[in-house]
Amino acid sequence: MKCNEHNFIGCLKKGNEEALDFIIARYGGLVHAISYRILSSFGQYAVDECVNDVFLSIWQNAVQFSGEAEDFKKWAGTIAKFKAIDRYRSLEKKKTREQADEQLEEQPATLDIQTLLLEKEQKNALLLAVSELPETDRDIFMMKYFLELSSQEIADRLGMTITAIDNRLYRGRKKLAQNQQLKERLV
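Per our numbering, the sequence shown runs over residues 1 to 187.
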């Protein structure tokens, strides 16, 4: 049976390949235009792949179409739009991952074992110096600089004013700056 604009839906639902040829000839321009509008920044290959996906989807889901011949154009256009959007998202994610990989490859491996050991030693020296502060000041320092709490949160937890917390932090930093052993280890 020859497929035409009156019987192509029935032919397509029966799996007649002539119906597929008919819809490609009839709606190929529409599907290509929609795909191109969304995917043009990724090149012709992406557009062509999307067009192929659209017609494959139409072929595989033809039995689900329940409209008339006039509605088929809208259905094909909708499938094209959503397939193109899905492909766009996929290609954007791939592009982002590739760019991130390139950036990682370009960065030199600056952190070697010696650098890590030095940083750990400096952190230990700082912790040792902080441990020599009075108990309340030590707790405030730990909450502020190691637990990264705000002055307000520390004040709430310790039942103090924000001003008192800030003053103790200032005095504690001043004491640490005067600590000779700490200066020697950090230099």
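Backbone N, C-alpha and C fix where the C-beta goes; we use that ideal spot for every residue, glycine too.
DSSP three-state assignment for residue i, whether helix, strand or coil
i	result
Asn167	helix
Lys2	coil
Glu132	coil
Gly172	helix
Asn124	helix
Phe65	coil
Thr161	coil
Glu148	coil
Span of the alpha helix (DSSP H), counted from its first residue to its last, around residue i
i	result
Gln152	Ser151 to Leu158
Asp27	The displayed chain sequence assigns Tyr, not Asp, to residue 27. Element bounds for Tyr27: Glu17 to Leu39.
Phe55	Gln44 to Gln60
Phe8	Phe8 to Lys13
Residue of the options minimising C-alpha distance to residue i
i	options	result
Asn52	Phe72, Ala177 and Gly28	Gly28
Ala177	Ala125, Phe42, Val54 and Arg97	Ala125
Met142	Ile113, Gly172, Cys11 and Lys94	Gly172
Leu127	Asp166, His6 and Tyr145	Tyr145
Phe72	Ile24, Ser150 and Glu132	Ile24
Asp137	Lys123, Glu148, Ser150 and Tyr170	Tyr170
Phe55	Asp101, Phe22 and Asp139	Phe22
Val130	Glu5, Lys174, Arg97 and Asp48	Lys174
Residue i: CB within 7 Å of a non-hydrogen atom of the ligand SAH
i	result
Leu118	What this structure holds is no ligand at all, so the ligand SAH is not there to describe.
Answer yes if the region 73-85 comes into contact with the region 24-42, meaning at least three C-beta pairs across the two stretches below 8 Å, and no otherwise. yes
With contact counted as at least three CB pairs below 8 Å, one residue from each stretch, are the region 38-48 and the region 86-94 in contact? yes
Counting Cβ pairs closer than 8 Å, one from the region 59-68 and one from the region 13-22, do we hit at least three? yes
Output the residue ranges of the beta strand (DSSP E) runs that lie fully inside the region 71-107 and measure 3 residues or longer, sorted by chain position. none
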